[in-house]
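Numbering (our numbering), first residue to last: 223 to 515.
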C-alpha cells in the first residue's frame, strides 16, 4: 500500500459499519451519499480489496472489510485522543447527563467513548429517565445536560433527525393482528400520539396492550411477539424489523432528538461535553455544532 489512508475515510467506514447503510452513514459524517460512495471507492482502490457486500436493504462488510474495520477503530480512536490531548484543557470534576433509555444503547456509547478519552479526569454521571422527566430535571438544575426527544420538550435545541417507524419482531406476525396490539409510552409520549394519529388516519383498529415509560418492557413485548411498538432508527434492536407501507402501515413523522442545558451548566467542562454530544450524535447544523468546528 503506497499511500497512507486518510483518517476521514476510516471514520466513514466506521459510520457505514455502525448504520449498515451508505445513506445513514452520510448523515453521520455530514456528507452527501455520493461523497460517501466516492470515499469508499477510493478506500477500496487503496487497499485493493472489496470491502462491502450490498444487499437489498443494507450494506455488510466483507471479511476484508471486517479486517480493516478493526484497524479503523484503533486508528480513529488514537487520532482523536492525540488531537484532544493538545487541543483541549485538562478538565476535572463531575458532570451529569440525562438520556432516555431509548437512545442509550446506540447513541450514548459514541459520546462516552470520545469524552472519556479526551477528559479522563472527569466523572460523568448518567441518568436514564423519560424525556419529560429529564427536561424538568434540567430546568430545575438537577441535571447539567440532557439528550431528549424534541417533541416531548419543545424548548430543547434540535440536533438530530431520523426516521420513526412502526416496529415488529422478525420471527412473529403480530402486525397482522386485529385489533393491532401496541406497546407504547405513557399518554404524554409524542411517539404514542404520532402512532395513534397515523393508525386513525387509515382506519386501522388497535389497542394499547402495554404501556411503559422505559424502553426495555416495550422491547421485550415486541420481541416476544406480543405487540408492535414505535421506535426511531437509533433505538432498533436485533430481532426487530421495520413495518412499512408494504405491511399496511402508514408513514410516521420523523423523530427529532434535542439537547438541553441547565442555566448553571456554563463552565468549560459543560462546554466540552456539549460539543461532544452534538458532534458525535447530531446530524443537523446547530449553533453548538458550528462552535465545535
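Don't be surprised by glycine CBs; every beta carbon is placed ideally from N, CA and C.
These figures come from a predicted structure and were not determined experimentally.
Exposed or buried, which one is residue 293 when buried takes at least 16 other CB atoms within 10 Å?
For the purposes of this step, residue 293 is identified with residue 71 of the chain shown, where counting begins at 1. Exposed: under 16 other Cβ atoms inside 10 Å.
Under 8 Å by Cβ, that's how I've got residue 404 and residue 449 pegged, so tell me the actual separation to the nearest angstrom.
As a first step, residue 404 is located in the chain shown; it is residue number 182 there, counting from the start. As a first step, residue 449 is located in the chain shown; it is residue number 227 there, counting from the start. Distance from residue 404 to residue 449 at the Cβ level is roughly 6 Å; contact confirmed, criterion being Cβ atoms closer than 8 Å.
Quick one, which of 333, 286, 361, 326 has its alpha-carbon nearest residue 349's?
Residue mapping note: residue 349 aligns to position 127 of the chain shown, counting from 1. Comparing Cα-Cα distances from residue 349 to each of 333, 286, 361, 326, the minimum goes to 326.
Residue of 241, 244, 226, 249 minimising C-alpha distance to residue 501
Indexing the chain shown from 1 puts residue 501 at position 279. Taking the Cα of residue 501 as reference, the smallest distance to any Cα among 241, 244, 226, 249 is reached at 249.
Could you give the DSSP three-state label for residue 513: helix, strand or coil?
As a first step, residue 513 is located in the chain shown; it is residue number 291 there, counting from the start. Confidence at residue 513 is low in this model, with a pLDDT of 46, below 50, so its placement is unreliable and the value that follows should be read with caution. DSSP places residue 513 within a helical segment (H, G or I) once states are collapsed to three.
What is the DSSP secondary structure of residue 407, counted as helix, strand or coil?
Position 185 of the chain shown, counted from the start, is the residue given in the question as residue 407. Three-state DSSP puts residue 407 in coil, outside helix and strand.
Residues near residue 356 by beta carbon distance below 6 Å, same chain, minus five either side:
In the chain shown, the residue the question calls residue 356 occupies position 134. Short of 6 Å from the beta carbon of residue 356, and not among the five residues preceding or following it, lie these beta carbons of its own chain, in chain order: 320, 368, 370.
Same chain only: Cβ atoms within 8 Å of residue 475, ignoring 5 sequence neighbours per side
Within the chain shown, the letter at position 253 stands for residue 475. 386, 416, listed in sequence order.
Distance check for residue 259 and residue 225, CA to CA, integer angstroms please.
Residue 225 sits at position 3 when you count from the first residue of the chain shown. Residue 259 sits at position 37 when you count from the first residue of the chain shown. The alpha-carbon atoms of residue 225 and residue 259 are separated by roughly 20 Å.
With a threshold of 16 other CB atoms inside 10 Å of the CB of residue 239, please say whether the residue is buried or exposed.
Counted from its first residue, the chain shown places residue 239 at position 17. Flag for residue 239 reads buried.
Out of 473, 287, 445, which one is the CA nearest neighbour of residue 393?
One-based indexing of the chain shown puts residue 393 at position 171. Of 473, 287, 445, the smallest CA-CA separation from residue 393 is found for 445.
Should residue 401 and residue 428 be called a contact, given that it needs their Cβ atoms to be closer than 8 Å?
Locating residue 401 in the chain shown gives position 179, where the first residue counts as 1. Locating residue 428 in the chain shown gives position 206, where the first residue counts as 1. Contact flag set, yes.
How would you call residue 438, buried or exposed, if buried means at least 16 neighbouring beta carbons within 10 angstroms?
Position 216 of the chain shown, counted from the start, is the residue given in the question as residue 438. Result: exposed.
By a C-beta neighbour count over all protein chains shown, 10 Å radius and 16 as the cutoff for buried, is residue 288 buried or exposed?
Taking the chain shown and counting its residues from 1, the one referred to as residue 288 is at position 66. Within a 10 Å sphere around the beta-carbon of residue 288 sit fewer than 16 other beta-carbons, which makes this residue exposed.
Under a three-way DSSP split, which group does residue 364 fall into?
By one-based count along the chain shown, residue 364 stands at place 142. It is coil, neither helix nor strand.
Does the beta-carbon distance from residue 366 to residue 492 come in below 8 Å?
Within the chain shown, the letter at position 144 stands for residue 366. Within the chain shown, the letter at position 270 stands for residue 492. Judged by beta-carbon spacing, residue 492 lies within the 8 Å limit of residue 366, meaning their Cβ atoms are closer than that value.
Pull up the distance between the alpha-carbon of residue 412 and that of residue 264, whole angstroms please.
Here residue 412 refers to the residue found at position 190 when the chain shown is read from its first residue. Here residue 264 refers to the residue found at position 42 when the chain shown is read from its first residue. A straight line joining the alpha-carbon of residue 412 with that of residue 264 spans about 42 Å.
Check whether the Cβ atoms of residue 410 and residue 447 sit closer than 8 Å, and answer yes or no.
Indexing the chain shown from 1 puts residue 410 at position 188. Indexing the chain shown from 1 puts residue 447 at position 225. At least 8 Å separates the beta-carbon of residue 410 from that of residue 447.
Quick check: residue 269 and residue 290, are their CB atoms within less than 8 Å of each other?
Counting from one through the chain shown, the residue named residue 269 turns up at place 47. Counting from one through the chain shown, the residue named residue 290 turns up at place 68. Taking 8 Å as the cut-off, the beta carbon of residue 269 is found closer than this to the beta carbon of residue 290.
How big is the Cα-Cα spacing for residue 243 and residue 281?
What you label residue 243 is simply residue 21 of the chain shown in a count that begins at 1. What you label residue 281 is simply residue 59 of the chain shown in a count that begins at 1. Distance between the alpha carbons of residue 243 and residue 281: 5 Å.
Taking 8 Å as the threshold (C-beta atoms), are residue 300 and residue 344 in contact?
Numbered from 1 along the chain shown, position 122 holds the residue referred to as residue 344. Numbered from 1 along the chain shown, position 78 holds the residue referred to as residue 300. Judged by beta-carbon spacing, residue 300 lies beyond the 8 Å limit of residue 344, meaning their Cβ atoms are not closer than that value.
Sequence ranges, alpha helix (DSSP H) only - wholly within the stretch 424–503, length at least 4:
Taking only runs of at least 4 residues, the alpha helix (DSSP H) segments lying wholly in the stretch 424–503 are 437–445, 490–503.
What residues are listed by DSSP as bridge partners for residue 517?
One cannot answer for residue 517 here, as it falls past the ends of the chain, which runs 223 to 515.
Can you name, in chain order, every residue of its own chain whose Cβ lies under 8 Å from the Cβ of residue 506, other than the five neighbours on each side?
Translated into positions along the chain shown, residue 506 becomes position 284. Excluding five sequence positions before and after residue 506, the CB atoms of its chain that fall closer than 8 Å to its own CB belong to 380, 381, 382, 383, given in chain order.
Which of the three DSSP states is assigned to residue 227 in this structure?
Here residue 227 is taken as the residue at index 5 of the chain shown, counted from 1. Coil.
DSSP state of residue 283, grouped into three classes?
Position 61 of the chain shown, counted from the start, is the residue given in the question as residue 283. In the three-state reduction of the DSSP assignment, residue 283 falls in the strand class.
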